[in-house]
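The structure appears right after this line, and notes come after that.
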């Protein structure tokens, strides 16, 4: 019984450690956890578009996704760099809601 539980737990952990697709990213509302000047929330709609890791807001480059993860212990998140202001070099962390 312990072996089955261990295998099931390992499968659950490994299955959630993955990279998110563009479609999966667009399904979520993203709340900022670590800011870098991009705002508090990203919602993909007709004004906010994702193309090739670049987020466009009203057809203007807004941010670039540099990391997309779904971790069992940390949750679903994306790391984004600011394209609006080239002076800001920090990376934002947005969490899926």
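Residue numbers (our numbering): 175 to 271. Backbone N, C-alpha and C fix where the C-beta goes; we use that ideal spot for every residue, glycine too. None of these values were measured; they are calculated from a predicted model.
Contact holds between the segment 193-213 and the segment 238-255, because three or more Cβ pairs, one in each stretch, are under 8 Å apart. Nearest neighbour of residue 220 by Cα position, chosen from 229, 213 and 256, turns out to be 229. Separation of residue 224 and residue 196 (C-alpha to C-alpha, rounded to the nearest whole angstrom) is 7 Å. Listed in chain order, the alpha helix (DSSP H) elements of length 4 or more contained wholly in the segment 196-240 are 196-201.
Boundaries of the beta strand (DSSP E) around residue 256: 249-256. Residue 212 places its beta carbon 8 Å or farther from that of residue 242. DSSP links residue 265 through a beta bridge to 255.
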